[in-house]
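Peer 1: Numbering (the numbering used here), first residue to last: 85 to 377.
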Ligand code: SD4
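1) Here's the rule I'm using: 16 or more other beta-carbon atoms within 10 Å means buried, otherwise exposed. How should residue 373 be labelled?
2) Decide if residue 321 is buried, meaning its Cβ has at least 16 other Cβ atoms within 10 Å, or exposed.
3) Among 312, 90, 360 and 168, which one has its Cα closest to the Cα of residue 195?
4) Classify residue 309 as buried or exposed, calling it buried when 16 or more other Cβ atoms lie within 10 Å of its own Cβ.
5) When every heavy atom of the ligand SD4 is checked, does at least one fall within less than 7 Å of the C-beta of residue 285?
6) Taking the alpha-carbon positions, what's the residue 311 to residue 220 distance?
7) Classify residue 208: buried if its beta carbon has 16 or more other beta carbons within 10 angstroms, exposed otherwise.
8) Could you pull out every residue in the same chain whose Cβ sits closer than 8 Å to the Cβ of residue 200, ignoring the five residues on either side in sequence?
9) Keeping to the same chain, check which residues put their C-beta closer than 7 Å to that of residue 122; ignore five residues upstream and five downstream.
10) Name the DSSP bridge partner or partners of residue 185?
11) For residue 162, which option in 263, 247 and 241 has the closest C-alpha, if you only look at C-alpha atoms?
12) Candidates 284, 189, 244 and 269: which alpha carbon is nearest residue 178's?
13) Tell me the residue span of the alpha helix (DSSP H) that contains residue 206.
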């Protein structure tokens, strides 16, 4: 059995490429890095890699992570600037014994030393978004508030040998503070995978997703015998409810999961969350669900 699931319909090309690797018997580590790199390279996705929207100071700061569900090794980068494929840096960090999660200049020094491709990640299009936003702000004299739309990529992959991996990549929230790191590179929050159980990944308001360590929670529910669909719904409902009870509001919480047998699940507390999935069962077609809920 092999399979792959990803947040948002924009992951479809990436996942199609990753699925090609898995189908041929390639491993889930290569498949996920290929798939996420494809999304990072595409200039029109506003929350990932090249073309991602910048922070308050018009700088693109990227977060990414990679996890191997068999060894439980993970690598992550936070607030990294000017590198083309943060997911590849995260994978490289995952084979280190320590120093697996690097941020800012430290992450950039590591990536430079390891020969990763440098690239200016701010596009003209992203600059225009920034300028429009700051112009609106100057007109309305409002507070700077982060972009509420989102499309961080998170994926879980399963290969024919039973290796499962998880990966994430994002430019985080538009207009975030410099140095802000969201859930995406934080193990247990933005992603978690255990090849003996399954994996999960999240998208939405990082600050709230971290409060429930939602990806670990989903994997724990699957480990306790719930299906991926039940585990996703339970985790989202539990956190959404808790946040609303304690603070009257919950940010966007959307998740996808796959278990070691290729069964998958998805849940969200917003309208219109989409995802892309492919499994051997579904005749290897990448299948997009545009709106759930
Ligand atoms: C973050 N969770 O940095 C990310 C944002 C996101 O689609 O999911 N955007 O908080």
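Note that CB positions come from ideal geometry on N, CA and C, so glycine has one too.
Peer 2: Taking the coordinates as given:
1) Translated into the one-based positions of the chain shown, residue 373 becomes position 289. Exposed is the call here.
2) If you number the chain shown from 1, residue 321 lands on position 237. Classification for residue 321: exposed.
3) For the purposes of this step, residue 195 is taken as the residue at position 111 of the chain shown. The shortest C-alpha to C-alpha distance from residue 195 to any of 312, 90, 360 and 168 is the one to 168.
4) In the chain shown, residue 309 corresponds to position 225, counting from 1. So residue 309 ends up on the exposed side.
5) For the purposes of this step, residue 285 is taken as the residue at position 201 of the chain shown. False, no ligand heavy atom lies under 7 Å from that Cβ.
6) Taking the first residue of the chain shown as position 1, residue 311 is located at position 227. Taking the first residue of the chain shown as position 1, residue 220 is located at position 136. For the pair residue 311 and residue 220, the Cα-to-Cα distance works out to about 46 Å.
7) Taking the first residue of the chain shown as position 1, residue 208 is located at position 124. By the neighbour-count rule (16 or more Cβ atoms within 10 Å), residue 208 is not buried but exposed.
8) Here residue 200 is taken as the residue at index 116 of the chain shown, counted from 1. Counting only Cβ-Cβ distances below 8 Å, and skipping sequence neighbours, we find 167, 168, 169, 172, 173 and 176.
9) On the chain shown, residue 122 is found 38 positions in, with the first residue counted as 1. 97, 98 and 101, listed in sequence order.
10) Translated into positions along the chain shown, residue 185 becomes position 101. For residue 185, DSSP records a beta bridge to 160.
11) Within the chain shown, residue 162 is the residue found at index 78, counting from 1. Comparing Cα positions, the closest option is 263.
12) Sequence index remark: in the chain shown, residue 178 carries index 94 (1-based). Nearest option by C-alpha distance: 269.
13) Counting from 1 along the chain shown, the entry for residue 206 is found at position 122. No alpha helix (DSSP H) holds residue 206; DSSP gives it neither H nor E.
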